[in-house]
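If you read the protein sequences in the order shown, they are chains Z and P.
Count the first sequence with my numbering and you get residues 1 to 221, in order.
Count the second sequence with my numbering and you get residues 1001 to 1221, in order.
Here the structure is laid out as structure tokens; the discussion comes afterwards.
There are 2 protein chains.
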Amino acid sequence: MLPSSTVENYLKALHQAEASMGNETLVPMGQLANAVGVAPGTATTMVKALAESGLVEYEPYVGVRLSSAGTRLATLVLRRHRLIEQFLVEVMGMSWADVHEDAEQLEHVVSDRLVERMDAMLGHPAVDPHGDPIPTADGALADPDYHSLLTCPLSTPVTVTRVTDQNSSFLRFLEAQELKPGQSIEVENRNSAADSVQVLAGERRVTIGTNAASKVLIEIL
Amino acid sequence: MLPSSTVENYLKALHQAEASMGNETLVPMGQLANAVGVAPGTATTMVKALAESGLVEYEPYVGVRLSSAGTRLATLVLRRHRLIEQFLVEVMGMSWADVHEDAEQLEHVVSDRLVERMDAMLGHPAVDPHGDPIPTADGALADPDYHSLLTCPLSTPVTVTRVTDQNSSFLRFLEAQELKPGQSIEVENRNSAADSVQVLAGERRVTIGTNAASKVLIEIL
DNA sequence: AGCTATATTTTGAATAGTCAAAACAAAACT
DNA sequence: AGTTTTGTTTTGACTATTCAAAATATAGCT
Ligand SMILES: [Mn+2]
Ligand SMILES: [Mn+2]
Ligand SMILES: [Mn+2]
Ligand SMILES: [Mn+2]
């Protein structure tokens, strides 16, 4: 049985949840339900079915974790998603702020043939437009741990490399402020009382909240 | 309610069935069920639901016909399908023999944004790789009636313009025999006893059955 | 230990889509 | 007119996915 779109979405959500939490921890049902956008009971039902199929390991009242088979599948969905996003930006000329929604649907229907053709056409890219790493066809996924605007040293030139939020208006905001991946900036100072971070991007001086700042990952030059 | 993939497939099948039969005739349930690939009873159930939604007109024991709303929707699905095929061939470099299957899935998930971008990138093509006309964004669909290899004059140069069968191996066969849309050929003679048609394509002399011949449409130069 | 707040699971019900087989209608053929 | 064939509809049942609300478990707090 090839997995339905629904199953693929659950597996992908689980994969992302595992990545965002410290690993070893099981993902609690509530969080999964929330990520997938269904009622808690629905997630329970689905997870039990996934456990039957051997795609997850489930401990009632505790949480879920992807099995190795589940991880493999989730990674392939992620590969399709990110290659599609890169394709939509590089080939179709769409905005990095818009491609997520399209990819969310297309990831479930593109054939292997088509995915590999996009990959070749793009020159086997390592990351998508948001700086998220693209798994290889055999399921290998790099996961470097970057600094963020919250943790990097002050007054030091750094490069934006990854944005961990797909929200359209957030992405458009970053673009307007010259904070897209690839751009060089400096964090000037942080004000924990004001819950804000001040960065120098291009000519501009921008102040953003710490929550937003934590979503902008950087590399030190 | 936006139509599900299933509904879109029924509408498209109905549209093609209406086109292939002489119009004015209702499409019998059996034919629809067959085209969609479901049991007859399933088609009956679905058609009753479509009639409820005003997408078709249904006469029990006689047949179905698309309403104007149904026709509009079917035409838009057809537009997406054919633009996608053209895109896959022209931009992605896929074979005209393979693109139908991919398009069959993609047609249900591509956003309007993406479709219009493909259309622009292709220069607003009038036909797809099989010579099928591409409806415009407002739903207008050209439907010229071509001759076929069965009905065209003998020993007269004609151009292949359209192939009304998506079967992969048939398309590959035509390609190998230099009978793709755009190629100039001549029908040398027909043998109704042998149920065959002999054509001169490029340097080659090819003999094909009349059923196959009826699927290759041509224009007289 | 007892109570409360929170998270999770169960239960009962709904929708969309499907099939197999029985029942039935229309057409075709004696 | 009576019978067979063919095509269509109905019936009963099943899978996948979902929700709301009730029941229950766990964790947190006196
Ligand atoms: Mn998705
Ligand atoms: Mn991305
Ligand atoms: Mn389709
Ligand atoms: Mn086509």
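The beta-carbon is built from N, C-alpha and C at its ideal position, and this holds for glycine as well.
This one's a predicted model, so the numbers in the text were calculated from it and none came from an experiment.
query: Between which two residues does the alpha helix (DSSP H) harbouring Z/A35 extend?; result: M29 to V36
query: Pick helix, strand or coil for P/P1125, following the three-state DSSP scheme.; result: coil
query: Going by C-alpha distance, which of P/G1093, P/T1156, P/Q1177 and P/N1211 is nearest P/N1189?; result: P/T1156
query: Give the residues from the region 105-127 of chain Z that approach chain P closer than 9 angstroms (Cβ to any Cβ), ordered along the chain.; result: Q105, L106, H108, V109, V110, S111, R113, L114, R117, M118 and M121
query: Indicate whether at least one CB of chain Z lies closer than 8 angstroms to the CB of P/M1092.; result: yes
query: For Z/D143, does the count of other Cβ atoms within 10 angstroms reach 16, so buried, or fall short, so exposed?; result: exposed
query: In chain Z, which residues lie less than 9 angstroms from P/S1102 when you measure between Cβ atoms?; result: One point to set straight first is that residue 1102 of chain P is Asp, not Ser, in the sequence displayed. Here the neighbours are V109, V110, S111, R113 and L114.
query: On the DSSP bridge list, what partners appear for P/N1191?; result: P/S1196
query: Return the first residue and the last residue of the alpha helix (DSSP H) that P/T1159 is part of.; result: Where P/T1159 is concerned, there is no enclosing alpha helix (DSSP H), although the beta strand (DSSP E) it sits in stretches over P1157 to V1163.
query: Output the boundary residues of the alpha helix (DSSP H) element that contains Z/V99.; result: V99 to L106
query: Can you list, in chain order, the residues of its chain whose CB lies under 6 angstroms from that of P/P1135, leaving out five sequence neighbours each side?; result: T1075, L1078, R1079 and L1141
query: Comparing the CB of P/N1009 with every heavy atom of ligand 3, is any distance shorter than 7 angstroms?; result: yes
query: Would the beta-carbon of P/E1104 be found less than 7 angstroms away from any heavy atom of ligand 3?; result: yes
query: In chain order, what residues of the same chain lie with their CB nearer than 6 angstroms to the CB of Z/T164, ignoring the 5 residues before and after it?; result: K215
query: Near ligand 4, which residues have their beta-carbon closer than 5 angstroms to a heavy atom?; result: P/E1085, P/D1128, P/H1130 and P/D1132
query: Under 8 angstroms: do the region 1030-1042 of chain P and the region 1067-1074 of chain P share three or more Cβ pairs, one atom per stretch?; result: no
query: To test your reading of the DSSP string, which unbroken beta strand (DSSP E) runs of 3 or more residues are found completely within the region 24-93 of chain Z?; result: 56-59 and 63-66
query: Indicate whether P/T1100 and P/Q1166 have their beta-carbon atoms separated by less than 8 angstroms.; result: Here residue 1100 of chain P is His; the residue named in the question, Thr, does not match the sequence. Cβ atoms of P/H1100 and P/Q1166: closer than 8 angstroms.
query: For the beta strand (DSSP E) holding Z/T207, just list the boundary residues, first then last.; result: R204 to G209
query: With the cut-off set at 8 angstroms, would you say Z/A213 and Z/S148 are in Cβ contact?; result: yes
query: Measuring alpha carbon to alpha carbon, tell me which of Z/T25, Z/L174, Z/D112 and Z/I84 ends up nearest Z/E59.; result: Z/T25
query: Thinking P/A1103 and P/H1081 are a contact (beta carbons under 8 angstroms), I'd like their distance in whole angstroms, please.; result: 5 angstroms
query: Using 8 angstroms as the Cβ pair cut-off and three pairs as the minimum, do the region 1-17 of chain Z and the region 40-57 of chain Z touch?; result: yes
query: So, helix, strand or coil for Z/E186, using DSSP?; result: strand
query: Should Z/V62 be labelled buried (16 or more other beta-carbon atoms within 10 Å of its own) or exposed?; result: exposed
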